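Everything on this sheet refers to the single structure shown next.
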Amino acid sequence: RHPVHSITAELHDMDGDGDLDLVVGSRLDGCHLIENVGTDGRMTWAASSTRMTTEGGDPIGGWNYGSNVHFADWDGDGISDIVVGSEDGGVFWHRNVGREGAPTFDAMQVLIPKMPMGEKFLKLASPMGPSWRVKVHVVDYDGDGRRDLLVGDFGARHTRRRTLDVDEKAEVRSLDEEMDAFFAKQKFDAEDEARIEAIQDRMGELETHDDHTTGYVWFFRRLPSTAARGIPTPVESVTDRTDGDDAVRLRAHGDRLEVDRPFPVTVVITVPDGWAASGNRDAVAAAGVVGLPASIEWTLPEGCRIASCTWQDADHDALYEGTFAVEVVIDATGLVDPGRSRRESIVARVRYQRCDKKSGVCILESDEIRMPVSIDG
-7 RHPVHSITAE LHDMDGDGDL DLVVGSRLDG CHLIENVGTD GRMTWAASST
43 RMTTEGGDPI GGWNYGSNVH FADWDGDGIS DIVVGSEDGG VFWHRNVGRE
93 GAPTFDAMQV LIPKMPMGEK FLKLASPMGP SWRVKVHVVD YDGDGRRDLL
143 VGDFGARHTR RRTLDVDEKA EVRSLDEEMD AFFAKQKFDA EDEARIEAIQ
193 DRMGELETHD DHTTGYVWFF RRLPSTAARG IPTPVESVTD RTDGDDAVRL
243 RAHGDRLEVD RPFPVTVVIT VPDGWAASGN RDAVAAAGVV GLPASIEWTL
293 PEGCRIASCT WQDADHDALY EGTFAVEVVI DATGLVDPGR SRRESIVARV
343 RYQRCDKKSG VCILESDEIR MPVSIDG
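Mapping of the sequence shown onto my numbering: position 299 corresponds to residue 291, and the numbering continues sequentially without gaps.
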């Protein structure tokens, strides 16, 4: 028996004996090797699996990392490394510092950072990037001679059903905290399972959106290597820009602005625990504090315009806590001089007032985030 579940398997000759062994990634149980012990070309699998580890003895994969193990020569040294998916949208690289047929894997390096948990649960019309259970494949997808990443995922898009009032939002937070405590235990008894089912039923009643399951393949374009470090630069497709801390971020699908295709940008704002920001004075007053609506001013390449702007809650009428988002679509059909290749910038100036829910003290916040974009001509 092999104590793993939700697996993705890949064949690779791990021990240099000329036959293919089975390498198994799993969402929650790490990465494992099942040796092919057959002879004369016949596959016979070992009765038990071996946990894959780094040169330092650390397990490769675990509770939220290891959803698939893909063999590829990521650093171009002629030896197969492993690129590993994760439960949280991240992609990681373990360099093979051994040799082909006798691999020794270095410590994990991040190729694509995981999506913050607060962003994963945003109710958006379209995902911002790889979400859950990602599976990764290395290939020169655009034919430029560099290895790119194709990342498949499980995710969701959402359409609005209703808006919660302040008391209902407080109940949702309480139920979320209770669920987090259960999952921290990882093992449940019958009483736990009954309570979890009751929480899930109530959360369904409080659901603000209809969820639609998605499965995308995201293309991450490899950038040229950084010679000074000798390590490949991170790949790029889902553009992520932040200035200073992570209070305000811009996320976009790629960095190319084209006249014949809408350019979606998501503004992500994170409010510290115990504080709230608002889109409406009445919503803040209902919570016993005073605040100002959040606002965003845009500076776009000449000829572009904001085609749509959708706040996470309907009618911009809500008290926002934790992480919230604004989905914006930029229309570039009127872009001036689209045939000239150049770099431009999209700038968002975000102003919002975050208020302490206990004392009522409010602080005016202002962030300016600049996102470079390419016009290929």
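For each residue, glycine too, the CB sits at the ideal point set by N, CA and C.
No experiment lies behind these values; they were computed from the predicted model shown.
message: Would D202 and R153 be called neighbours here (beta carbons separated by less than 8 Å)?
response: yes
message: Any contact between the stretch 87 to 105 and the stretch 28 to 35? By contact I mean 3 or more CB pairs, one from each, below 8 Å.
response: no
task: Measure the C-alpha to C-alpha separation of T45 and C23 and round it to an integer number of angstroms.
output: 8 Å
query: According to DSSP, is M100 helix, strand or coil?
result: strand
task: Verify whether the separation of the beta carbon atoms of T258 and E319 is less than 8 Å.
output: yes
query: Does the Cβ-Cβ distance between V76 and G48 come in under 8 Å?
result: no
message: Once the 5 residues before and after H4 are set aside, which same chain residues still bring their CB inside 8 Å of it?
response: Beyond the five residues adjoining it in sequence on each side, H4 comes within less than 8 Å, by CB distance, of L12, D13, V15, F63 and S72 in the same chain, given in chain order.
- prompt: Under the rule that 16 or more other beta-carbon atoms within 10 Å means buried, what is T0, buried or exposed?
  reply: buried
query: Considering only residues of the same chain and omitting the five flanking positions on each side of E294, which have a CB-CB separation below 6 Å?
result: V328
Nearest residue (CA-CA) to D323, options R334, I338, E313 and A317: I338
task: Drop a sphere of 10 angstroms on the beta-carbon of E289, count the other beta-carbons inside from all chains shown, and report buried for 16 or more, exposed for fewer.
output: Under this definition E289 is an exposed residue.
- prompt: Going by C-alpha distance, which of I26, T36, R19 and A117 is nearest S300?
  reply: Per the Cα distances, A117.
query: How big is the Cα-Cα spacing for A162 and V126?
result: 32 Å
task: Provide the residue span of the alpha helix (DSSP H) that contains E319, from first to last.
output: Run containing E319: none in the alpha helix (DSSP H); it sits in the beta strand (DSSP E), T315 to D323.
- prompt: What residues in its chain sit with their C-beta under 7 Å from that of A219, if we drop five residues either side in the sequence?
  reply: Because the pLDDT of A219 is 45, which lies under 50, any placement of that residue in the model is unreliable, and the number read from its coordinates should be weighed accordingly. Excluding positions up to five away in sequence, the list is empty.
query: Whose C-alpha, out of E160, L198 and S123, is nearest the C-alpha of V143?
result: Comparing Cα-Cα distances from V143 to each of E160, L198 and S123, the minimum goes to S123.
query: S78 by DSSP, collapsed to three states: which one?
result: Of the three classes helix, strand and coil, the one that applies to S78 here is strand, per DSSP.
- prompt: Who pairs with G54 in a beta bridge, going by DSSP?
  reply: Y57
- prompt: Can you list, in chain order, the residues of its chain whose CB lies under 6 Å from that of R343, leaving out five sequence neighbours each side?
  reply: Around R343: S287 and S358.
query: Counting only runs that start and end within the stretch 78 to 160, where is the alpha helix (DSSP H) found for 4 or more residues in a row?
result: List check, alpha helix (DSSP H) in window: 109 to 112.
task: Go ahead and pull the three-state DSSP assignment for A239.
output: A239 falls in the coil class under three-state DSSP.
query: Using the rule of at least 16 other Cβ atoms within 10 Å of the residue's Cβ for burial, across every protein chain shown, is P364 buried or exposed?
result: exposed
query: Nearest to I74 by alpha carbon, out of L156, I52, D80 and L242?
result: I52
field: Nearest-angstrom beta carbon gap, D132 and E145 [assumed within contact, 8 Å]
entry: Rather than Glu, the amino acid found at residue 145 in this sequence is Asp. Incorrect: roughly 21 Å between the Cβ atoms, too far for contact.
query: Between G82 and K106, is the Cβ-Cβ spacing less than 8 Å?
result: yes
- prompt: Among S333, T302 and T315, which one has its Cα closest to the Cα of V321?
  reply: Selected option, being the one with the closest Cα: T302.
message: Using only CA atoms, which one of D172, T151, K179 and A182 lies nearest to T205?
response: T151
task: Tell me whether K115 is buried or exposed, calling it buried when 16 or more other Cβ atoms sit within 10 Å of its Cβ.
output: buried
task: Report buried or exposed for I361, applying the criterion of at least 16 other Cβ atoms within 10 angstroms of its Cβ.
output: buried
Burial state of E169, where buried means 16 or more other Cβ atoms lie within 10 Å: With fewer than 16 neighbouring CB atoms inside 10 Å of its own CB, E169 falls in the exposed class.
task: Quick one: residues in its chain with C-beta nearer than 7 Å to the C-beta of G54, no 5 flanking neighbours on either side, listed in chain order?
output: So the list reads G22, once near-sequence residues are dropped.
- prompt: Roughly how many angstroms separate the alpha carbons of L356 and S41, rounded to a whole number?
  reply: 56 Å
task: Figure out for me which residue from T36, Y208, S333 and I298 has the closest Cα to the Cα of R248.
output: S333
query: How big is the Cα-Cα spacing for D252 and I298?
result: 15 Å
message: For the alpha helix (DSSP H) containing R194, name the first residue and the last one.
response: From DSSP, the alpha helix (DSSP H) with R194 extends over A182 to E197.
query: Since A286 is in the beta strand (DSSP E), which residue starts that stretch and which ends it?
result: It is not in any beta strand (DSSP E) - A286 carries neither H nor E in the DSSP assignment.
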